[in-house]
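Residues 315 to 497 (my numbering) make up the sequence shown, in order.
Positions of the beta carbon are idealized from the N, C-alpha and C atoms, including for glycine.
Note that the structure is predicted; figures quoted are calculated from it, not measured.
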Amino acid sequence: DQDRVCDPDKTNYLFTGFRVERQIVIRESITHQTHLIVCKEGRVVSDIIAPLEDDFSSSSVPWAKTICNQSGTNCYKISRRKTFALRDLAVFFPNKLIGGVFKEHPGRSYKLHTFDEDDSNFYPLAPLMSSNVLNQWIEVAYNGVMVYHIPLFHSLEESAKRPNKSDRPSWFTYISPNEKYTY
Numbered sequence: 315d316q317d318r319v320c321d322p323d324k325t326n327y328l329f330t331g332f333r334v335e336r337q338i339v340i341r342e343s344i345t346h347q348t349h350l351i352v353c354k355e356g357r358v359v360s361d362i363i364a365p366l367e368d369d370f371s372s373s374s375v376p377w378a379k380t381i382c383n384q385s386g387t388n389c390y391k392i393s394r395r396k397t398f399a400l401r402d403l404a405v406f407f408p409n410k411l412i413g414g415v416f417k418e419h420p421g422r423s424y425k426l427h428t429f430d431e432d433d434s435n436f437y438p439l440a441p442l443m444s445s446n447v448l449n450q451w452i453e454v455a456y457n458g459v460m461v462y463h464i465p466l467f468h469s470l471e472e473s474a475k476r477p478n479k480s481d482r483p484s485w486f487t488y489i490s491p492n493e494k495y496t497y
């Protein structure tokens with residue numbers, strides 16, 4: 315058995331990697347959140363809620379912003395390719411290379427380096443592909459809370475090791491973790 319969030323396409327593939335999804339939570343009021351989810355063999359092992367600074371009108375994807383787990387021990391960035399960096403809408407044709415997932419180098423603390431925007435502080439983990447947003451679903455909890463799941467992005471595969479500068483994946487050359495591009 316596996317978690318639906320790790321297999322929104324219902325392929326029964328035991329996915330290991332990253333998923334980014336929008337969740338709209340319906341209780342007395344309606345709220346929305348963006349989640350960076352880490353899956354291992356079809357199971358959720360980490361679900362990081364990205365802080366939102368805007369309303370429903372924008373994509374609400376925290377592009378090029380540092381996202382950390384609660385303890386601050388694992389910090390990530392999701393960043394777009396230059397082609398998509400000026401785009402506000404988070405909906406793309408499925409299976410397009412949109413960007414990448416980056417992880418902060420070990421030993422650094424996001425809380426201590428809040429304004430550190432140096433690309434070299436992050437290393438590439440996996441390319442980020444667009445998901446099929448039509449594979450959305452509603453989860454209803456026993457307490458009546460409804461969660462509307464909208465899959466946005468997924469990685470192709472998770473890299474467990476830190477690539478050396480000479481061993482960087484080819485997709486990385488097109489993506490700046492901080493989306494520092496010149497046009």
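**Study point:** Simplified DSSP assignment, three categories, for residue 318
**Key:** In the structure shown, residue 318 falls within a helical segment according to DSSP collapsed to helix, strand and coil.
Check your understanding: When the Cα of residue 384 is compared with those of 406, 337, 331 and 361, which residue comes out closest?
Key -> 361
Practice item. Leaving aside the five residues before and after residue 351 along the sequence, list all residues of the same chain whose C-beta is less than 8 angstroms from its C-beta, in chain order. Key: 319, 320, 332, 333, 334, 335, 358, 360, 361 and 362
Review point. Nearest to residue 258 by alpha carbon, out of 394, 409 and 408?
Key: With the chain covering only 315 through 497, there is no way to say anything about residue 258.
Check your understanding: Which word fits residue 457, buried or exposed, when buried means at least 16 other C-beta atoms lie within 10 angstroms of its C-beta?
Key -> With fewer than 16 other Cβ atoms within 10 Å, it is exposed.
Check your understanding: Which residue from 493, 382, 407 and 448 puts its Cα closest to that of residue 324?
Key -> 448
Exercise for review: Would you list the residues sitting across from residue 337 in a DSSP beta bridge?
Suggested key: 347 and 463
Check your understanding: Can you tell me whether DSSP reads residue 484 as helix, strand or coil?
Key -> helix
Point to revise | DSSP-derived helix/strand/coil call for residue 427 | key: Low per-residue confidence applies at residue 427: pLDDT is 47, beneath 50, and the placement is therefore not dependable, though the value from the model is reported in the following sentence. Reduced to three states, the DSSP call for residue 427 is coil.
**Study point:** Through-space distance from residue 450 to residue 417, alpha-carbon basis
**Key:** Roughly 27 angstroms separates the two Cα atoms.
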